[in-house]
Structure formats: structure tokens, C-alpha cells
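See below for the structure under consideration.
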Amino acid sequence: MSEAIDTAGSRARNTAPIDPEKSPGRVIAGRCSWRLDDREMPVRAARKLTAEMLRSWTVGGEAEDAALLIVSELVSNALRYASPPIELALTLIPGGAPGSREVLIEVMDADPRLPAKRSPGESGGFGLPLVESLAKISFTTCGSGKTVRALLITWDG
Numbered sequence: 010m011s012e013a014i015d016t017a018g019s020r021a022r023n024t025a026p027i028d029p030e031k032s033p034g035r036v037i038a039g040r041c042s043w044r045l046d047d048r049e050m051p052v053r054a055a056r057k058l059t060a061e062m063l064r065s066w067t068v069g070g071e072a073e074d075a076a077l078l079i080v081s082e083l084v085s086n087a088l089r090y091a092s093p094p095i096e097l098a099l100t101l102i103p104g105g106a107p108g109s110r111e112v113l114i115e116v117m118d119a120d121p122r123l124p125a126k127r128s129p130g131e132s133g134g135f136g137l138p139l140v141e142s143l144a145k146i147s148f149t150t151c152g153s154g155k156t157v158r159a160l161l162i163t164w165d166g
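Residue numbers (our numbering): 10 to 166.
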């Protein structure tokens, strides 16, 4: 059984998370994924791989900057608090409005514990609120792991 939890803490059992491969009417323009925990300097690798993929999809400027920040934060959290394997997946989806596209950023790990929101302070706690200010985020548990998703809307031009 999977459990989807949005950032407001609402729980929805057996609710399908954002999954562009299974969503009717959603066209995927591109998808790629990488295992990160076996790489040297995995956060740096994740940023490099993300930047290269976004450029190949002609996603740049503020959207690229936001995506790189989101990837850095989510991968850092997975490395710090979760268990391997840790994977990063990017999906480019044509958006609903003319000229818009969505970049779905997913970080999967083998720890079913959901990210905990903390009050920002000296020891951290700034990451999830920052990601939440840039994208719609959700968490899904399934079996012995979880997926953290961030959906970033971009505009052409």
C-alpha cells in the first residue's frame, strides 16, 4: 500500500502521486534517471546531470536555477537522512497553458520515513520551505522507501 502526503501534512491512502507515465492525457517530452549514492560527490553530480538535461530540453534562466536548487536540497536531504539506493529522476512535461512546461524532479531512497519539517534555525530547517516556495512538493511512501517530488512550472521565452 502506498501513502501520499502533501506538504501541508494531508494524508491520502491509495491516492496516486504525481506520475506522468500513468496520468491520462499527460505527454512526456523527456525522462531520465540516475543512481547517485554510488557516485563521488553525489550532490555535485546531481547538479551537473540536471543542468545538462535541462539545457538539452532548452530549460534555462530562472527555471534552471530553481531546478538546480531543488535538486541540491532534495539530494542533500536524502544523503543526510535516508538510506541507499538514492536515485534522481527528471521528467519534462508539456504544461497546460500555452508556452508552459513542467519539470518533475523526483528523488527516491530506501527509507520510508517522510521528511520532517523543522523550524528554521542554526542547525538547518530552511530546505523544505525553500523548495516549497519554488515548486509543488509531495511525498509518497511505497514498500521500504519513499519518493520526494517537486513539480516546477516553467515558461518558454
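Here a beta-carbon is modelled for each residue, glycine too, at the ideal position from N, C-alpha and C.
Taking all protein chains shown into account, decide if residue i is buried (16 or more other Cβ within 10 angstroms of its Cβ) or exposed.
i      : result
Leu63  : buried
Leu99  : buried
Met50  : exposed
Ala144 : buried
Ile79  : buried
Thr149 : buried
Leu45  : buried
Ala159 : buried
Glu61  : exposed
So that I know if they touch, is there some Cβ in chain B lying closer than 8 angstroms to that of residue i?
i      : result
Leu161 : In the displayed structure, chain B is absent; only one protein chain is listed.
For my contact list, residue i and residue j are in at a C-beta cut-off of 8 angstroms; report their separation, rounded to the angstrom.
i     : j     : result
Val84 : Val52 : 5 angstroms
Leu97 : Ser42 : 7 angstroms
Ignore the nearest five residues each way along the sequence and tell me which others in residue i's own chain have a CB closer than 7 angstroms to its CB.
i     : result
Asn86 : Pro124 and Gly136
* **Stretch pair the region 67-77 + the region 118-138: three plus CB contacts closer than 8 angstroms** => no
* To do: Go through the region 28-79 residue by residue and report every complete run of the beta strand (DSSP E) that reaches 3 residues or more, in order.
  => 39-44
* Asked: At what residue ranges does the region 101-139 contain a whole run of the beta strand (DSSP E), taking only runs of 3 or more?
  -> 109-118
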